[in-house]
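The structure under discussion appears below in the form of structure tokens.
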Amino acid sequence: MPLYRVKCPSCQTEQDIFRSFETYDDLPECCGERTARVICAPLVHGDIQPYVSMIDGSHINSRSRHREHLKTHGCIEVGNEKVAPPKPIQPPAGLKETLIRNVNAKLR
Ligand SMILES: [Zn+2]
Numbered sequence: 002m003p004l005y006r007v008k009c010p011s012c013q014t015e016q017d018i019f020r021s022f023e024t025y026d027d028l029p030e031c032c033g034e035r036t037a038r039v040i041c042a043p044l045v046h047g048d049i050q051p052y053v054s055m056i057d058g059s060h061i062n063s064r065s066r067h068r069e070h071l072k073t074h075g076c077i078e079v080g081n082e083k084v085a086p087p088k089p090i091q092p093p094a095g096l097k098e099t100l101i102r103n104v105n106a107k108l109r
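Using our numbering, you'd call the opening residue of the sequence shown number 2 and step up by one each time.
The following block contains the structure:
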């Protein structure tokens, strides 16, 4: 969900708000007035901080080198691992019929 900055026209207080595309125009009120959207520069992520690899002691000084290094050594960054979807649970054969028979027997 995108982050937007809004400013109160009365007290000039600025705040950051999250809005989905559907609620884009749903702006909060401050001092009894509707706040106004403030146009901000987009957030740009810089490159990673250089580090020395614990695997081979090489100096990693860019994001592309970091990715290449992980791939070369078969490593996966935490949070980027692929997770297999859970397997559906199959009930033992005949369970449904056994349950129906037992419930019907109790009801008689
Ligand atoms: Zn205000």
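Note that CB positions come from ideal geometry on N, CA and C, so glycine has one too. All values derive from a computational prediction rather than experimental measurement.
So the alpha helix (DSSP H) residue i belongs to, where does it begin and stop?
i: I101; result: L96 to L108
i: K72; result: R64 to T73
Can you grab the Cα-Cα spacing for the pair residue i / residue j, in whole Å?
i: S54; j: H60; result: 6 Å
i: G58; j: I49; result: 17 Å
i: R68; j: N62; result: 11 Å
i: N81; j: D27; result: 34 Å
i: E34; j: S11; result: 8 Å
i: I1; j: L100; result: No statement about residue 1 is possible, as the shown extent of the chain runs from 2 to 109 and does not include it.
i: K83; j: M2; result: 23 Å
i: R102; j: P92; result: 16 Å
i: R64; j: G75; result: 16 Å
i: I77; j: G47; result: 21 Å
Does the distance between the C-beta of residue i and the nearest non-hydrogen atom of ligand 2 fall short of 7 Å?
i: H74; result: Judged by which ligands are present, ligand 2 is missing from the structure shown, whose ligands are ligand 1.
Give the C-beta separation of residue i and residue j to the nearest angstrom, bearing in mind that I take them to be a contact with Cβ-Cβ under 8 Å.
i: K13; j: V7; result: It should be pointed out that residue 13 corresponds to Gln in this sequence rather than to Lys. At roughly 11 Å, the Cβ-Cβ gap does not stay under 8 Å, so Q13 and V7 are not in contact.
i: F19; j: L4; result: 6 Å
i: C41; j: C9; result: The Cβ separation is near 16 Å, so there is no contact.
On the DSSP letters alone, give me the boundaries of the beta strand (DSSP E) that residue i sits inside.
i: R38; result: A37 to V39
i: L4; result: L4 to K8
**Message:** Just to be sure I understand the criterion: a residue counts if its Cβ is closer than 6 Å to at least one heavy atom of ligand 1. Which residues meet that?
**Reply:** C9, S11, C12, T14, C31 and C32
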